[in-house]
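**Q**
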Amino acid sequence: MPSSDQQSIHGQWSSRWTFIMAATGAAVGLGNIWKFPYLTGIHGGSAFVLIYILCVAALGIPMMMAEVMLGRRGRQTPVNTMRALAAENNASQGWQLIGWFGTFAGMLILSYYSVIGGWTLGYILHSVSGNFSGLNGNGASTLFGDFVGNPFVQVGWHTMFMIITMYIVARGVKSGLEKAVTYLMPALFVLLLVLVGYAMTTGYFMKGLDYLFTPDFSQLTGTSIHTAMGQAFFSLSLGMGTIMIYGSYVPKSTSIAGASIAIAVFDTMVALLAGMAIFPIVFANALEPGAGPSLLFETIPVAFGNMAGGTLFGTLFFVLLLIAAWTSSISLIEPAVTLMIEKFNMTRWQAAIWIGLATWLLGFGTAFSFNIWSEATVFEMTFFENLDYLTSNLMLPLGGIFIAVFAGWLMTKDNSQDELDMKSEVGYSIWRILIRFIAPIAVSIVLLHAIGVY
Ligand code: PFF
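Just so you know, the sequence shown maps onto residues 7 to 460 in my numbering.
1) Below 8 angstroms, can you find three or more Cβ-Cβ pairs linking the region 26-34 to the region 267-275?
2) Grab the span of the alpha helix (DSSP H) containing Tyr173 for me, first residue to last.
3) When every heavy atom of the ligand PFF is checked, does at least one fall within less than 8 angstroms of the C-beta of Phe272?
4) With 9 angstroms set as the bound, which would you pick, yes or no: does the beta-carbon of Trp332 sit closer than that to a beta-carbon of chain D?
5) Would you list, in sequence order, the uninterrupted alpha helix (DSSP H) runs of no fewer than 4 residues that lie entirely inside the region 349-421?
6) Label Ala146 either buried or exposed according to how many other C-beta atoms from any shown protein chain fall within 10 Å of its C-beta, with 16 as the threshold for buried.
7) Would you check if the region 430-437 and the region 386-397 touch, i.e. whether three or more CB-CB distances between them fall below 8 angstroms?
8) Taking 9 angstroms as the cut-off, decide whether the C-beta atoms of Ala263 and Leu91 are in contact.
9) Helix, strand or coil: which one does DSSP assign to Gly50?
10) Since Gly17 sits in a beta bridge, which residues does DSSP pair it with?
11) Taking a contact to mean a Cβ-Cβ separation below 9 angstroms, would you say Phe289 touches Tyr210 in this structure?
12) Check the C-beta distance from Phe138 over to Gly316 and give it rounded, since I have them as a contact under 8 angstroms.
13) Just checking Asn86 against the ligand PFF - is the residue's beta carbon closer than 8 angstroms to any of the ligand's heavy atoms?
14) Between Leu116 and Thr365, which are expected to be in contact by the criterion C-beta below 8 angstroms, what is the C-beta distance as a whole number of angstroms?
15) Would you say Gly406 and Val449 are within 9 angstroms of each other, going by their C-beta atoms?
16) What is the DSSP secondary structure of Gln99, reduced to helix, strand or coil?
17) Would you give the residue range spanned by the alpha helix (DSSP H) that Pro68 belongs to?
18) Three or more beta-carbon pairs under 8 angstroms between the region 345-352 and the region 125-135, yes or no?
19) Check for me: the alpha helix (DSSP H) holding Met275 runs from which residue to which?
20) Between Val196 and Gly178, what straight-line distance do the alpha-carbon atoms span, to the nearest angstrom?
21) How about Ala238: is its Cβ closer than 8 angstroms to a heavy atom in the ligand PFF?
22) Looking at the structure shown, is Gly31 part of a helix, part of a strand, or coil, going by DSSP?
23) Closest to Leu326 by CA distance: which of His232, Trp415, Pro192 and Ala358 is it?
24) Which first and last residues belong to the alpha helix (DSSP H) in which Ser230 is found?
25) In the structure shown, what three-state DSSP assignment does Ser435 receive?
26) Is any heavy atom of the ligand PFF found at a distance shorter than 8 angstroms from the C-beta of Ser337?
27) Could you tell me the boundaries of the alpha helix (DSSP H) in which Thr87 lies?
28) Considering only C-alpha positions, which residue in the set Ala280, Ile441, Met168 and Thr188 is nearest to Ile339?
29) Looking at the ligand PFF, does it come within less than 8 angstroms of Ile284, judged from the CB to the closest heavy atom?
30) Mind checking whether the beta-carbon of Leu242 lies closer than 8 angstroms to any heavy atom of the ligand PFF?
31) I want to know whether the region 52-67 touches the region 297-316 - three or more CB-CB distances under 8 angstroms.
32) Determine, using beta carbons only, whether Leu218 and Thr388 come nearer to each other than 9 angstroms.
33) Among Ile284, Leu244, Gly236 and Leu215, whose alpha-carbon lies nearest the alpha-carbon of Ile409?
34) Which word fits Gln237, buried or exposed, when buried means at least 16 other C-beta atoms lie within 10 angstroms of its C-beta?
Written out as structure tokens, the structure reads:
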């Protein structure tokens, strides 16, 4: 019988704080600093931001509580956790599919995440070499264009990023991850504040704030709502078992609700700060807010290139971004690696190597999407865009619906109440309404619209 008095065979966090830091490390990554600003730019600013925040509050937080709760009760890789919980709650063994589905989604995401992680590695080198110095918007665009235009360079950095990710995963979550996140996440936060400080000197800070926060509903479309919801899942790492597996390492005494709220708030603050740093630079340098995936890499170098001590700060920024990407990439692949260990009796090293190789190969498709395959489109999207759409906009929300239904409808009230162990009865009731009704219905409505059912 599942019981969170047991521990996972893969380890346990030393404290509530390490769990919050590790889950924040998984949540805060390229999604906040690279993806959130460029999606905001593509979807016209404030309306997207507002929907995003709503999704985090009404769907993200209850979903995160549900995932941590399932993980802590199951104490295994998501596939086996779902199997154990299905048995405990007399539900069909088919629920294991949630675990398989999420594990696969994690590999798909990492295959492209690693290419972008490679960009941060490449940009550390650019920064150290002083290549940002005196750069204007045009110069930054050219620098980026040359960088992504070269398929060998792309594969090279992608390979490096995969190696550093799989190395930590092979060594085990506890020894590698805990130390890295406890100091480096706060450092990244401070550096973002420095960037926001720079943005205030551009003369376009208020314009940036206005763009992000003065609601303009004329920009709101079905697609932007769908993308904002997908981004909330992506940014909080929900719907695919990552948070479930981190939950399986959570000590029994930790308050799940408190920790989930803290993680979501922190994650959202990082995304908003990134937006507040980037958009003033965009406007001050006549860059295009809707530039897409290049946005971060075309704005930040301009800021550092024109700031005193820019080489040092610029390098530091990309190093910290690398670390944020790294802690997320580890979490993306942890479900697949633990699955191989539990199902096929592999050692951690063997599992990391096999899963790493498969993911690395798939990543070539993304590495080439910005050069030799940039014209090769399906549904008018490149390989990278298709993969991103499939995972963030379809797979994670779908995974989320099933997780919500399981946590809200199949897990008995006694079990969820026992595991969440909330001080406030009202708080528990609100959670239960959100997870039983609001989350599955809202996500289904958006998904059905996206696939053209109505
Ligand atoms: N949340 C990460 C980010 O915002 O960069 C990406 C991610 C990590 C998504 C882990 C999903 C996941 F399971």
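The C-beta atom is built at its ideal place from N, Cα and C for all residues, glycine as well.
**A** With the structure as the only source:
1) yes
2) Pro157 to Arg177
3) no
4) Here there is only one protein chain, and chain D is not present.
5) 354-375, 389-394 and 402-411
6) buried
7) no
8) no
9) coil
10) Ser14
11) yes
12) 6 angstroms
13) no
14) 5 angstroms
15) yes
16) helix
17) Ile67 to Gly80
18) no
19) Ile262 to Ala290
20) 28 angstroms
21) no
22) helix
23) Pro192
24) Gly228 to Leu242
25) helix
26) yes
27) Pro84 to Glu94
28) Met168
29) no
30) yes
31) no
32) no
33) Leu244
34) buried
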